[in-house]
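Engineer:
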Amino acid sequence: MASPNSTVDAVFDAVAATAPEIRAALPGRRVESGTENASGESVLAGDLYADELLGEAITAVDGVGSFVSEERETAVDAGGAVGSGHDDAYAVAIDPLDGSSNLRSNNAMGTVVGVYDAPLPASGRDLVAAGYVLYGPITTMVVADEAGVREEVVARDADGGVDRSVVEADLSLPGTPTVYGFGGRVPDWPADFRAYARSIEDELKLRYGGAMVGDVNQVLTYGGVFAYPALRSASAGKLRLQFEANPVAYIVERAGGASSDGTGSILDVEPEAVHQRTPLYVGNEALIERLEDALDDG
Ligand code: AHG
Ligand code: MN
Ligand code: MN
818 MASPNSTVDA VFDAVAATAP EIRAALPGRR VESGTENASG ESVLAGDLYA
868 DELLGEAITA VDGVGSFVSE ERETAVDAGG AVGSGHDDAY AVAIDPLDGS
918 SNLRSNNAMG TVVGVYDAPL PASGRDLVAA GYVLYGPITT MVVADEAGVR
968 EEVVARDADG GVDRSVVEAD LSLPGTPTVY GFGGRVPDWP ADFRAYARSI
1018 EDELKLRYGG AMVGDVNQVL TYGGVFAYPA LRSASAGKLR LQFEANPVAY
1068 IVERAGGASS DGTGSILDVE PEAVHQRTPL YVGNEALIER LEDALDDG
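Just so you know, we're using our numbering here: the sequence shown kicks off at 818 and counts up by one.
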């Protein structure tokens, strides 16, 4: 099922086309690269390889004017006047390998993509599409755009190309929540979030895998709530707005759920810098409302 927007479809074609190659390269790239990224986090060889492949594929798409990555300090000019309303009006932000610390332990990880029609850093309201590839037992890709949210299986086809087959054409959050996953360490949670977490623990099943894409995919599949909260030691939390929080918030909200930075939708968080962090809470609407009330009561 193609996106109504040809550039969006071309971007996700490009992302899907790199998936089998990135997956095949992971076993040999579990080591530290010896470098740090703009967020001051150590970078694995897998992060760099995925960033290289995706950077090449995405900047080659007609209609993409600029490209931003977790692994690059600044935006890469892809030759277009972003936000100009012309057909090269799109800026793409990616987390090439989300949850790469799971590489050593062979747990799920993936790639996060946001397609904005404004120069970056941009508001989540400027997203025209968002998605993620999930390297689990199966390689899947979730794509959200104006047409809705769908899940695809991405696999090599008979003649070495890549096949995208839609397995869920209308992905929506189940009404009854089942799972939760909260990042950070309990002693580092502020008291108001800790009280909220206690109430959730009494109701839902803990499913925390240490990779946002895997943990959010569980919430989309089973219903519930994922959070990487504001911490005592880091009031902005850990996740980055442009290429982690905004895309995931866009997807979950399009799938009938809600997102928050603790006070309101992630999509309304003021963009200040490409690598800025934000607390991230996403999931069933009622659980996010309860969270905002809990943080309100302080
Ligand atoms: P990345 O590998 O792109 O840096 O992202 C890792 C993030 C996110 O995927 C996950 O939710 C979070 O880090 C896990 O953090 P902890 O290891 O602190 O749980
Ligand atoms: Mn990440
Ligand atoms: Mn990453």
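Where is the CB? At the ideal position from N, CA and C, for every residue including glycine.
How is Y866 classed by DSSP in three states: helix, strand or coil?
Structural biologist: Correct three-state label for Y866: helix.
Engineer: So what's I1068 in DSSP terms, helix, strand or just coil?
Structural biologist: Looking at I1068 - three-state DSSP - the assignment turns out to be helix.
Engineer: State buried or exposed for P976, treating a residue as buried only when at least 16 other CB atoms are found within 10 Å of its CB.
Structural biologist: Before going further, note that residue 976 is Asp rather than Pro in the sequence given. Exposed: under 16 other Cβ atoms inside 10 Å.
Engineer: Going by DSSP, what residues sit across from L1097 in a beta bridge?
Structural biologist: BP columns for L1097 point to Y1045.
Engineer: Quick check: S989 and A1072, are their CB atoms within less than 8 Å of each other?
Structural biologist: The answer is yes: Cβ separation under 8 Å.
Engineer: Based on the DSSP output, what are the partners of V1036 in its beta bridges?
Structural biologist: Answer is none; V1036 lacks a bridge partner.
Engineer: How would you write the range of the beta strand (DSSP E) that I911 sits in, first residue to last?
Structural biologist: Unbroken beta strand (DSSP E) run through I911: Y907 to D915.
Engineer: On the CB-based measure, 16 or more other CB atoms within 10 Å of its CB, does R967 come out buried or exposed?
Structural biologist: Buried, because 16 or more other Cβ atoms sit within 10 Å of the Cβ of R967.
Engineer: With L920 and G863 assumed to form a contact (beta carbons below 8 Å), what rounded beta-carbon distance in angstroms separates them?
Structural biologist: The Cβ separation is near 5 Å, so the contact holds.
Engineer: Assuming the contact rule is C-beta atoms closer than 8 Å, V996 and L1021 should be a hit. Round their C-beta distance to whole Å, please.
Structural biologist: So it is a contact: roughly 6 Å between Cβ atoms.
Engineer: Report the option in L870, T835, D912 and R847 whose CA atom is closest to the CA atom of V1091.
Structural biologist: Of the listed residues, the one whose Cα sits closest to V1091 is D912.
Engineer: Let me know the beta strand (DSSP E) ranges lying completely inside the region 971 to 1010, each 3 residues or longer, listed in chain order.
Structural biologist: Listed in chain order, the complete beta strand (DSSP E) runs (minimum 3 residues) inside the region 971 to 1010 are 979 to 985 and 996 to 999.
Engineer: Any chance you could list the residues with Cβ under 6 Å from a heavy atom of ligand 2, keeping chain order?
Structural biologist: Cβ-based neighbours of ligand 2 within the cut-off: D912, D915, M1029 and E1061.
Engineer: So, do the region 949 to 956 and the region 821 to 840 have three or more beta carbon pairs nearer to each other than 8 Å?
Structural biologist: Touching, per the Cβ criterion.
Engineer: In chain order, what residues of the same chain lie with their CB nearer than 7 Å to the CB of Y1039, ignoring the 5 residues before and after it?
Structural biologist: P991, T995 and V996, listed in sequence order.
Engineer: Going by DSSP in three states, E1020 sits in which element: helix, strand or coil?
Structural biologist: Three-state DSSP puts E1020 in coil, outside helix and strand.
Engineer: With distances taken Cα to Cα, identify the nearest neighbour of E985 among G1000, T957 and N822.
Structural biologist: Of G1000, T957 and N822, the residue nearest in Cα terms is T957.
Engineer: State the Cα-Cα distance for the pair G965 and G896, rounded to the nearest angstrom.
Structural biologist: If you take the alpha carbons of G965 and G896, they lie about 29 Å apart.
Engineer: Please tell me whether, using a cut-off of 7 Å, the distance from the CB of S883 to the nearest non-hydrogen atom of ligand 3 is below it.
Structural biologist: No, the Cβ of S883 stays beyond 7 Å of every heavy atom of ligand 3.
Engineer: Check the DSSP bridge columns for A961 and list the partner residues they point to.
Structural biologist: BP columns for A961 point to A947 and V966.
Engineer: Determine the direct distance from the alpha carbon of N1034 to that of T1118, and round the result to whole angstroms.
Structural biologist: Because residue 1118 is not part of the residues shown, which for the chain are 818 to 1115, the question remains open.
Engineer: Hey, how far is the Cα of G978 from the Cα of F829?
Structural biologist: Cα-Cα distance, rounded: 15 Å.
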